[in-house]
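Report on the following structure.
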Amino acid sequence: MAEQPHVLVRDLVKTYRVHEREAGAGASFRSLFKRKYKEVEAVKGVSFQLMPGEVVGFLGPNGAGKTTTLKMLSGLLYPTSGEARVLGFEPWKREAAYLRQLSYVLGNRSQLAWDIPAMDSYLVNQAIYEIPEKQFRETLDELVALLDLEKLLKKPVRGLSLGERMKCELAASLLHRPQVLFLDEPTLGVDVTMQNRIRQFVAEHNRRYNATVLLTSHYMADVTALCKRVIVIHHGKLLYDGDLAALSEKFAPFKQVRLDLQDMASAERAKEFGEVHSQEGTKVTLRLPREKTSSVVARLLAELPVIDLTVEDPAIEEVIDQVFQGVEA
Amino acid sequence: MRYLRLLGAFYRTSIQTDMEYRADFFTRIIASLLGLLTTIGSLSVAFTYTTNIKGWSFSHVMVLLAVYYLMDGLIETFIAPNMRNIMAQVREGTLDFVLLKPVVPQFMATLRTINIWRIANILVALGLAGYSISRLSLSVGLSEASSFAITLLAGTAVVYSFWLFLVTLTFWFVRLDNIEQVIWQAFEAGRYPIEIYPYWLRGALTYVIPVAFIITVPAKALTGQLAFSYSFVALGMGCLSILLSSAFWRYGLRFYTGASS
Numbered sequence: 001m002a003e004q005p006h007v008l009v010r011d012l013v014k015t016y017r018v019h020e021r022e023a024g025a026g027a028s029f030r031s032l033f034k035r036k037y038k039e040v041e042a043v044k045g046v047s048f049q050l051m052p053g054e055v056v057g058f059l060g061p062n063g064a065g066k067t068t069t070l071k072m073l074s075g076l077l078y079p080t081s082g083e084a085r086v087l088g089f090e091p092w093k094r095e096a097a098y099l100r101q102l103s104y105v106l107g108n109r110s111q112l113a114w115d116i117p118a119m120d121s122y123l124v125n126q127a128i129y130e131i132p133e134k135q136f137r138e139t140l141d142e143l144v145a146l147l148d149l150e151k152l153l154k155k156p157v158r159g160l161s162l163g164e165r166m167k168c169e170l171a172a173s174l175l176h177r178p179q180v181l182f183l184d185e186p187t188l189g190v191d192v193t194m195q196n197r198i199r200q201f202v203a204e205h206n207r208r209y210n211a212t213v214l215l216t217s218h219y220m221a222d223v224t225a226l227c228k229r230v231i232v233i234h235h236g237k238l239l240y241d242g243d244l245a246a247l248s249e250k251f252a253p254f255k256q257v258r259l260d261l262q263d264m265a266s267a268e269r270a271k272e273f274g275e276v277h278s279q280e281g282t283k284v285t286l287r288l289p290r291e292k293t294s295s296v297v298a299r300l301l302a303e304l305p306v307i308d309l310t311v312e313d314p315a316i317e318e319v320i321d322q323v324f325q326g327v328e329a
Numbered sequence: 330m331r332y333l334r335l336l337g338a339f340y341r342t343s344i345q346t347d348m349e350y351r352a353d354f355f356t357r358i359i360a361s362l363l364g365l366l367t368t369i370g371s372l373s374v375a376f377t378y379t380t381n382i383k384g385w386s387f388s389h390v391m392v393l394l395a396v397y398y399l400m401d402g403l404i405e406t407f408i409a410p411n412m413r414n415i416m417a418q419v420r421e422g423t424l425d426f427v428l429l430k431p432v433v434p435q436f437m438a439t440l441r442t443i444n445i446w447r448i449a450n451i452l453v454a455l456g457l458a459g460y461s462i463s464r465l466s467l468s469v470g471l472s473e474a475s476s477f478a479i480t481l482l483a484g485t486a487v488v489y490s491f492w493l494f495l496v497t498l499t500f501w502f503v504r505l506d507n508i509e510q511v512i513w514q515a516f517e518a519g520r521y522p523i524e525i526y527p528y529w530l531r532g533a534l535t536y537v538i539p540v541a542f543i544i545t546v547p548a549k550a551l552t553g554q555l556a557f558s559y560s561f562v563a564l565g566m567g568c569l570s571i572l573l574s575s576a577f578w579r580y581g582l583r584f585y586t587g588a589s590s
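The listed protein sequences derive, respectively, from chains A and B. Take 1 as the starting number for the first sequence in the numbering used here and just add one per residue. Take 330 as the starting number for the second sequence in the numbering used here and just add one per residue.
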């Protein structure tokens with residue numbers, strides 16, 4: 001029997017009504033009585049599916065509609081039109097049976113009470129999610145070991161660093177072992193070591209409980225470390241849904257060739273072989289169309305005094321940038 | 330049963346928080362004693378010229394004052410901290426975390442914390458009530474006590490509902506910091522017998538902002554001036570106000586999540 005998707009989204013649309021006001025005191029005064037509204041389409045018909053256990057990157061520039069989509073999927077926003085099913089539930093009905101299996105982590109906001117140790121907030125969550133004592137202890141022990149929380153749980157949350165707080169936050173969101181996890185910028189403002197820790201941890205949770213994860217992040221390293229598949233949206237529309245690796249083939253049909261040459265004269269000559277990406281003295285990086293790469297490389301090696309040459313895919317950041325610029329043009 | 334356990338967990342954590350600020354308890358006691366003494370002082374000046382004001386004797390007014398402080402303590406302990414939280418949560422967007430939990434949102438939003446040191450006000454008020462009743466040499470029997478408890482509960486329900494109604498407005502207007510001012514200004518009017526106010530104000534304080542209902546009625550119940558059957562009317566009004574404000578809150582939530590447009 002075929003597996004049912006955990007997340008199913010079809011033609012999801014969200015239009016906000018935004019109160020519009022001109023600058024100036026007179027206009028502010030008028031707007032007290034007569035308000036002008038503008039319709040803003042945040043999400044314009046997005047469709048996709050996630051299978052159980054998938055970890056998918058959800059990419060797009062600021063204002064692309066990522067958070068709006070995640071909020072609809074977690075039942076915080078009612079869509080203007082379209083359908084969504086998560087674990088078979090319609091999210092915006094906010095049925096307890098659904099909310100029990102879901103977690104939505106927002107990197108810039110905290111569900112933990114500020115003045116008390118994280119552990120006390122965990123106990124409240126235990127009561128809210130009705131987690132049996134044995135399971136609670138087991139999960140907590142796992143989380144403490146994985147995230148190295150031992151020393152943090154007893155301190156009031158306000159005394160923790162941003163990264164420490166994020167770890168406690170993640171643990172709070174996972175105590176009830178959610179089947180579906182929406183992570184909205186989980187590594188925002190956290191240092192590199194901690195970012196790594198959080199990534200490993202998300203991967204581990206996914207592996208252990210076969211949880212489905214949809215992740216947005218501005219750090220491409222999060223995405224490349226965790227996601228095989230990415231969904232890209234821009235201006236509320238779906239641009240790409242597929243393999244992360246194939247993304248570069250589709251949107252950046254070129255390779256980068258790094259060259260180190262013996263002298264400046266040959267460096268100058270090398271620049272005639274393709275589009276120059278960057279240059280530092282005798283080190284030149286060229287951008288070549290995929291299909292021509294091998295023949296050009298052969299010619300470079302034959303005609304120029306090359307010390308070193310490497311061929312690579314462009315950095316994922318550049319590909320994404322390319323994707324969004326392509327759409328603007 | 331499940332919700333009782335939840336309430337236990339909520340209160341346990343907020344009491345733990347407050348334990349860090351133990352000194353608060355004593356400052357609260359001193360503050361409410363001072364407030365009480367100044368009010369009693371000015372009242373006793375008024376009563377040197379007369380033995381009763383519109384049918385209220387000095388000791389009866391003291392009972393009223395005790396109920397006023399009791400209600401004040403109940404509000405500050407159980408209701409106000411939550412309502413303030415909701416307003417902050419709407420502003421900061423953290424109300425989302427309440428909506429993400431598999432719990433009735435109103436329950437979690439309005440009963441999440443208590444301000445335990447405000448119990449000080451309640452203790453002081455109970456002391457004053459006991460003292461004034463002994464001065465009146467009234468015997469408070471079962472019927473007075475239960476009628477008092479019922480009307481007090483109904484009054485608390487009305488305050489809760491009134492505040493919840495105003496807080497729900499923040500779903501549309503986001504910033505409404507003056508709500509508390511409105512509530513407390515009206516509430517202060519309740520420390521004196523409703524009969525001393527001009528006719529029109531008495532109407533407003535009974536029906537628009539039912540301060541008379543939440544303070545005068547329980548005070549009358551305690552001193553045996555209220556027909557027992559009226560406490561059931563009060564209970565009915567309390568329940569009705571909860572029903573109406575909950576309905577409005579749910580409607581507001583639909584707006585908050587965009588379900589109503």
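Even for Gly, the Cβ is constructed at its ideal location relative to N, Cα and C. Please read these numbers as outputs of a predicted model, since none were measured by experiment.
Asked	Found
Tell me the rounded alpha-carbon separation between arginine 208 of chain A and leucine 174 of chain A.	12 Å
Hey, would you say glycine 553 of chain B sits closer than 8 Å to leucine 467 of chain B, going by beta carbons?	yes
What are the partner residues of leucine 467 of chain B, as DSSP defines its beta bridges?	Its beta-bridge partners do not exist; DSSP assigns none.
What's the C-alpha gap between glutamate 280 of chain A and leucine 309 of chain A?	15 Å
Using CA coordinates, which residue listed in A/Leu244, A/Gln4, A/Val9 is at the minimum distance from glycine 82 of chain A?	A/Val9
What separation, rounded to the nearest whole angstrom, lies between the Cα atoms of phenylalanine 376 of chain B and leucine 363 of chain B?	20 Å
Please report the Cβ distance between valine 297 of chain A and valine 257 of chain A, rounded to the nearest whole angstrom; I am assuming they are in contact, meaning their Cβ atoms lie under 8 Å.	6 Å
Against chain B, with Cβ distances strictly below 8 Å, would methionine 198 of chain A count as a contact?	The residue you asked about is not methionine; residue 198 of chain A is isoleucine in the sequence shown. Closer than 8 Å: no.
Name the chain B residues whose beta carbon is nearer than 7 Å to that of isoleucine 116 of chain A?	Thr342, Gln345, Thr346
Could you give the first and the last residue of the continuous beta strand (DSSP E) run that contains histidine 289 of chain A?	Reading the sequence as shown, one finds proline at residue 289 of chain A and not histidine. It spans 283-289 - the beta strand (DSSP E) in which proline 289 of chain A sits, taken as one unbroken run.
Per DSSP, what kind of secondary structure is leucine 226 of chain A in: helix, strand or coil?	helix
May I have a chain-ordered list of the alpha helix (DSSP H) segments no shorter than 4 residues that lie completely inside the stretch 340-418 of chain B?	352-376, 387-403
If you follow the beta strand (DSSP E) that glutamine 514 of chain B is part of, which residue opens it and which one closes it?	Not the beta strand (DSSP E): glutamine 514 of chain B falls in the alpha helix (DSSP H), residues 508-517.
Confirm, please, whether the CB-CB distance from glycine 519 of chain B to alanine 550 of chain B is below 8 Å.	no
Taking arginine 334 of chain B as the query, report the chain A residues whose CB atoms sit under 7 Å from its CB, ordered along the chain.	Ala127
Taking the alpha helix (DSSP H) that glutamate 280 of chain A belongs to, which residues open and close that run?	Not the alpha helix (DSSP H): glutamate 280 of chain A falls in the beta strand (DSSP E), residues 275-280.
Under three-state DSSP, which class holds alanine 338 of chain B?	helix
For alanine 211 of chain A, which of helix, strand or coil comes out of DSSP?	coil
Roughly how many whole angstroms lie between the Cα atoms of tyrosine 129 of chain A and glycine 159 of chain A?	27 Å
Could you check where the beta strand (DSSP E) with tyrosine 104 of chain A kicks off and where it finishes?	102-106
Along the chain, where does the alpha helix (DSSP H) that runs through arginine 299 of chain A open and close?	293-303
Taking C-alpha atoms, which residue in A/Val230, A/Pro156, A/Ile116, A/Ala252 lies nearest to glycine 57 of chain A?	A/Val230
What distance in whole Å lies between the Cβ atoms of leucine 112 of chain A and valine 55 of chain A, which are believed to be in contact at a cut-off of 8 Å?	Between leucine 112 of chain A and valine 55 of chain A the Cβ distance is about 25 Å, and since that is not below 8 Å, they are no contact.
List the endpoints of the continuous beta strand (DSSP E) containing tyrosine 98 of chain A.	No beta strand (DSSP E) contains tyrosine 98 of chain A, which is instead part of the alpha helix (DSSP H) from 96-99.
On the three-pair Cβ rule with 8 Å, is the stretch 88-107 of chain A touching the stretch 147-154 of chain A?	no
Are the C-beta atoms of arginine 158 of chain A and some chain B residue less than 8 Å apart?	no
Can you give me the C-alpha to C-alpha distance between lysine 71 of chain A and serine 570 of chain B, rounded to a whole angstrom?	32 Å
Taking buried to mean at least 16 other C-beta atoms within 10 Å of its own C-beta, is tyrosine 528 of chain B buried or exposed?	exposed
Let me check one thing: in DSSP terms, what residues is lysine 250 of chain A bridge-paired to?	None; lysine 250 of chain A has no bridge partner.
By a C-beta neighbour count over all protein chains shown, 10 Å radius and 16 as the cutoff for buried, is lysine 228 of chain A buried or exposed?	exposed
By the three-class DSSP mapping on this structure, what secondary structure does glycine 456 of chain B have?	helix
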